[in-house]
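Comments concern the structure below.
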Amino acid sequence: MSSAETPRGATETAHAPTAAGALSSIDFRGQVAVITGGGTGLGLEISRALAELGAHVWIASRSADHHRAFLDECTARGWSGTARVLDVRETAQVGALAREVDERHGRCDILVNNAAGNFVCPSERLSERAWRAVLGIVLDGSFYCSRDFGRVMIARGGGQILNVLATYAWTGMPGVVHSACAKAGVLAMTRTLAVEWARHGIRVNAVAPGPFQSDGARANLWPDEEHERRLRERIPLQRFADPREVAAQCVWLLAPASAYLNGECVTIDGGASLGQGMWEQGAGIRRQRGD
Ligand code: HXC
Ligand code: NAP
Numbered sequence: 378m379s380s381a382e383t384p385r386g387a388t389e390t391a392h393a394p395t396a397a398g399a400l401s402s403i404d405f406r407g408q409v410a411v412i413t414g415g416g417t418g419l420g421l422e423i424s425r426a427l428a429e430l431g432a433h434v435w436i437a438s439r440s441a442d443h444h445r446a447f448l449d450e451c452t453a454r455g456w457s458g459t460a461r462v463l464d465v466r467e468t469a470q471v472g473a474l475a476r477e478v479d480e481r482h483g484r485c486d487i488l489v490n491n492a493a494g495n496f497v498c499p500s501e502r503l504s505e506r507a508w509r510a511v512l513g514i515v516l517d518g519s520f521y522c523s524r525d526f527g528r529v530m531i532a533r534g535g536g537q538i539l540n541v542l543a544t545y546a547w548t549g550m551p552g553v554v555h556s557a558c559a560k561a562g563v564l565a566m567t568r569t570l571a572v573e574w575a576r577h578g579i580r581v582n583a584v585a586p587g588p589f590q591s592d593g594a595r596a597n598l599w600p601d602e603e604h605e606r607r608l609r610e611r612i613p614l615q616r617f618a619d620p621r622e623v624a625a626q627c628v629w630l631l632a633p634a635s636a637y638l639n640g641e642c643v644t645i646d647g648g649a650s651l652g653q654g655m656w657e658q659g660a661g662i663r664r665q666r667g668d
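Last residue of the sequence shown? That's 668 in my numbering, and every number before it is there in order.
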């Protein structure tokens, strides 16, 4: 065999589509997406992006006031969107929404488990109700939604679920034991359902963002500028994410280019969760020979 010959087993690629095709086909027309907590913060940015890319987007959370901005933008920009009041901890409400989406569209292509509750509290002072509030929203809520919308996806031949985590699911973080335990549970749920439901054509993935500004995070995690500054200094990129940067990553994971990604968690945190060894940022490196 001369070196110019196609090796045995190699595919003929001359006229086949290239990988660039998958990169340019980010199009959600005809798809139905459900975003919990889709009216504020990151959920709103995911909802806006998917709606602009053609999906019919259902947003669902406790407060109808939080739905106004998305619904108004849908009207103004000709997007297709619906909002429902829903507490993800209430199984009857979750089941009713899954039935409504199925009856209306006969499908559910995308579920984003984005709803969350969080606040900083020393673990020794955390009450049972406070622990339950966060575990209920993040862990129970993600499971109830995955189960009920997953049933629709199984019956209709497939779909995808994207869970929003935080890197402290595996690094841990003082003051948020409730949220860290709940997010770690959702990471296990991501991996478990990815394997269990792959045969139904359902992919399950996750994103773990670092800090970004949202009303909920500002009120509950970094209530003043000093907290915010200290947090920012620990991020190698020296800034918080723009929620649209995180939403873009979420859309990418839901797009055809990610069709073989399953059970994975993508960290998008500017390098914040990587180890910095013993050095403060920049220190030590300056103490090189000759400096
Ligand atoms: C201590 C608190 C508390 C606090 C509430 N509780 N806030 N305990 N410190 N700051 C206690 C209450 O006293 C009560 O316990 C129990 O929690 C339940 O309180 P409710 O107000 O009845 O709960 P509920 O109405 O269900 O509200 C849920 C919530 C709230 C989680 C408490 O914060 C919320 O609605 N959050 C949604 C928005 C949000 O948190 N977004 C942030 C996402 S950022 P007792 O025993 O007193 O009855 C994020 C990741 C950030 O998740 C990562 C950054 C790196
Ligand atoms: P956010 O704007 O406060 O979003 C939380 C959303 O959850 C709200 O829309 C809220 O709407 C909804 N929600 C809360 N409890 C609910 C319940 N019981 N049932 C239904 N919906 C409920 O905060 P965010 O910062 O954008 O957070 C979005 C996601 O990113 C969360 O999963 C969070 O853990 C994650 N995250 C955030 C950061 C950050 O720095 N901000 C970092 C890492 C991960 P209602 O109040 O209307 O119910």
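Beta carbons: idealized from backbone N, C-alpha and C, even for Gly.
Keep in mind that this is a model prediction, so the values were computed, not measured.
Of the residues assessed, Glu603 falls on the exposed side of the cut-off, its CB having fewer than 16 other CB atoms within 10 angstroms.
DSSP places Thr417 outside both helix and strand once states are collapsed to three, so it counts as coil. The beta carbons of Asn582 and Glu641 sit closer together than 7 Å. Shown here, Trp547 sits in a helix according to DSSP, grouped into three states.
Nearest in C-alpha terms to Cys627, of all of Glu422, Arg616, Ala561, Leu463, is Glu422. For the ligand NAP, no non-hydrogen atom lies closer than 6 Å to the CB of Ala571. Burial state of Arg576 is exposed, judged by a 10 Å Cβ sphere holding fewer than 16 other Cβ atoms. Asp442 counts as exposed, since fewer than 16 other beta carbons sit within 10 angstroms of its beta carbon.
Not one heavy atom of the ligand HXC falls within 6 Å of the beta-carbon of Cys522.
Using a Cβ distance threshold of 7 Å, Val462 and Trp435 do not count as a contacting pair. In the three-state reduction of the DSSP assignment, Cys642 falls in the strand class, which pools E and B. Straight-line measurement puts the Cα of Gly654 at about 43 Å from the Cα of Phe447. As DSSP reads the structure, Pro586 sits in a beta bridge with Ile645. For a cut-off of 8 Å, the C-beta gap from Ile538 to Arg466 is around 18 Å, too long to register as a contact. Uninterrupted alpha helix (DSSP H) stretches at least 4 residues long and entirely within the stretch 489 to 545 occur at 505 to 512, 518 to 533, given in chain order. Remark: three or more beta-carbon pairs, one from each stretch, lie closer than 8 Å, so the stretch 588 to 595 and the stretch 617 to 632 are flagged as touching. As far as DSSP is concerned, Arg484 takes part in no beta bridge.
Residue range 433 to 438 is occupied by the beta strand (DSSP E) that includes Trp435.
In this structure, Ser402 lies away from Gly416, with their beta-carbon atoms at least 7 Å apart.
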